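Colleague:
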Amino acid sequence: LVAPPRPQDLAGRHVVISAGGTREPLDPVRYLGNRSSGRQGYALARTARDRGARVTVVAANVSLDDPAGVDVVEVETTDQLRTAVRAAARTADVVVMAAAVADFRPVAAAGHKVKKRSDGVVDPILLEANPDILAELTAERLRPGQVIVGFAAETGDEHTTVLEYGRAKARRKGADLLAVNAVGHGLAFGTTDNAVTILDRHGDVLGAAVGSKDEVADALWDEVCRLG
Ligand code: CTP
Ligand code: CA
Numbered sequence: 172l173v174a175p176p177r178p179q180d181l182a183g184r185h186v187v188i189s190a191g192g193t194r195e196p197l198d199p200v201r202y203l204g205n206r207s208s209g210r211q212g213y214a215l216a217r218t219a220r221d222r223g224a225r226v227t228v229v230a231a232n233v234s235l236d237d238p239a240g241v242d243v244v245e246v247e248t249t250d251q252l253r254t255a256v257r258a259a260a261r262t263a264d265v266v267v268m269a270a271a272v273a274d275f276r277p278v279a280a281a282g283h284k285v286k287k288r289s290d291g292v293v294d295p296i297l298l299e300a301n302p303d304i305l306a307e308l309t310a311e312r313l314r315p316g317q318v319i320v321g322f323a324a325e326t327g328d329e330h331t332t333v334l335e336y337g338r339a340k341a342r343r344k345g346a347d348l349l350a351v352n353a354v355g356h357g358l359a360f361g362t363t364d365n366a367v368t369i370l371d372r373h374g375d376v377l378g379a380a381v382g383s384k385d386e387v388a389d390a391l392w393d394e395v396c397r398l399g
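Using UniProt numbering, you'd call the opening residue of the sequence shown number 172 and step up by one each time.
1) Leaving out five residues on either side along the sequence, give the residues of the same chain with a beta carbon under 8 Å from the beta carbon of Asp-385.
2) Ends of the beta strand (DSSP E) at Asp-188?
3) Does any heavy atom of ligand 1 sit closer than 8 Å to the C-beta of Arg-343?
4) Are the Cβ atoms of Thr-227 and Val-241 separated by less than 9 Å?
5) Exposed or buried, which one is Arg-222 when buried takes at least 16 other CB atoms within 10 Å?
6) Nearest by alpha-carbon distance to Asp-364: which of Gln-211, Ala-269, Lys-344, Val-243 is it?
7) Could you give the distance in angstroms between the alpha-carbon of Ser-208 and the alpha-carbon of Gly-191?
8) Tell me which residue opens and which closes the alpha helix (DSSP H) that Thr-249 is part of.
9) Ligand 4 and Gly-204: does any heavy atom of the ligand fall closer than 8 Å to the residue's C-beta?
10) State the Cα-Cα distance for the pair Arg-261 and Ala-255, rounded to the nearest angstrom.
11) Which class does Gly-212 belong to by DSSP, given the choice of helix, strand or coil?
12) Around the C-beta of Leu-308, are 16 or more other C-beta atoms found within 10 angstroms, so that it is buried, or is it exposed?
13) Measuring only from the beta carbon, is Glu-335 closer than 8 Å to any heavy atom that is part of ligand 1?
14) Going by DSSP in three states, Val-292 sits in which element: helix, strand or coil?
15) Please state whether the Cβ-Cβ distance between Phe-322 and Ala-300 is less than 9 Å.
16) For a quick check, are the C-beta atoms of Arg-206 and Thr-248 less than 9 Å apart?
17) Identify, in the order they occur along the chain, each residue of the same chain with its Cβ nearer than 6 Å to the Cβ of Arg-220, setting aside the five sequence neighbours on each side.
18) What's the gap between the Cα of Ala-353 and the Cα of Ala-280?
19) If you measure from the CB of Thr-331, is any heavy atom of ligand 1 nearer than 8 Å?
20) Can you find a heavy atom of ligand 1 that lies under 8 Å from the Cβ of Ala-324?
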């Protein structure tokens with residue numbers, strides 16, 4: 172079976188995608204991180220390339236093969252991701268924040284490996300908040316007319332559903348599109364299949380996509396192209 176060629180509806184556009192998950196060093200051998208594999212971000216990169224876009228991926232700790240014909244900038248920390256995304260965003264028509272960004276970082280990383288204490292007492296780790304890269308991008312709009320897309324990983328809890336958390340996040344972040352997916356309990360992170368609900372900036376549902384990460388990516392590009 173040969174897949175039908177994709178429409179060239181991203182031709183002439185520069186698309187910037189952050190992928191993977193940031194890590195914040197605790198000491199030279201340890202970090203605070205998350206389980207994001209970068210698969211959804213890389214699927215977005217491949218499909219955007221196949222739809223004619225010039226693609227820059229800012230890859231945080233992704234151990235997948237680089238997609239052919241795509242610029243890949245490798246980063247580790249949230250600070251590095253922020254600098255690389257902002258630099259690329261100055262020429263971008265579309266920015267997609269698919270990376271799982273560490274919300275907190277240690278106030279200071281030790282210069283040497285932290286040793287166990289002989290008295291068995293464990294020192295607490297003091298954390299501070301990382302900047303919200305997506306919220307900054309939507310507030311500043313580094314390039315006029317740029318379409319900005321966020322992802323929201325939610326688990327839901329006994330009070331609030333995944334979709335309700337997503338709707339609140341859409342209103343808070345100011346992104347043009349927010350793709351909400353359910354995570355945890357074996358869903359989404361590190362898997363090949365994905366299911367997302369696509370919201371606009373008011374939290375209203377534009378559509379849903381279930382399937383491979385490529386199919387979810389294509390559905391998201393369809394919505395980006397619908398915005399103009
Ligand atoms: N994001 C970001 N910078 C951060 C945290 C998140 O740019 N410091 C982006 C992510 O790349 C994603 C979107 O914001 O596109 C939503 O991330 P998420 O972790 O779901 O939302 P948070 O605002 O961090 O809220 P919380 O983790 O408390 O649910
Ligand atoms: Ca977060």
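Even glycine gets a Cβ: it sits at the ideal position worked out from N, Cα and C. As the structure is a prediction and not an experimental result, all values here were calculated from the model.
Modeller: In short:
1) Within its own chain, the residues whose Cβ lies closer than 8 Å to the Cβ of Asp-385, once the five positions on either side in sequence are excluded, are Ala-214, Arg-217, Thr-218, listed in chain order.
2) Here residue 188 is Ile; the residue named in the question, Asp, does not match the sequence. Element bounds for Ile-188: 185-191.
3) Of the heavy atoms belonging to ligand 1, at least one sits nearer than 8 Å to the Cβ of Arg-343.
4) In contact: Thr-227 and Val-241 (Cβ atoms closer than 9 Å).
5) Per the 10 Å Cβ criterion, buried.
6) Out of Gln-211, Ala-269, Lys-344, Val-243, Gln-211 has the C-alpha closest to the C-alpha of Asp-364.
7) Straight-line Cα distance between these residues: approximately 5 Å.
8) Element bounds for Thr-249: 249-260.
9) Although ligand 4 was asked about, the structure shown includes only ligand 1 and ligand 2 as ligands.
10) Straight-line Cα distance between these residues: approximately 10 Å.
11) Looking at Gly-212 - three-state DSSP - the assignment turns out to be helix.
12) Buried is the call here.
13) It does not: the Cβ of Glu-335 is nowhere closer than 8 Å to a heavy atom of ligand 1.
14) Val-292 falls in the coil class under three-state DSSP.
15) In this structure, Phe-322 sits away from Ala-300, with a CB-CB distance that is not shorter than 9 Å.
16) Between Arg-206 and Thr-248, the CB-CB gap reaches or exceeds 9 Å.
17) Contacts found: Val-226, Gly-240, Val-241.
18) The straight-line gap separating the alpha-carbon atoms of Ala-353 and Ala-280 is approximately 32 Å.
19) Not so, every heavy atom of ligand 1 lies at least 8 Å from the Cβ.
20) True, at least one ligand heavy atom lies under 8 Å from that Cβ.
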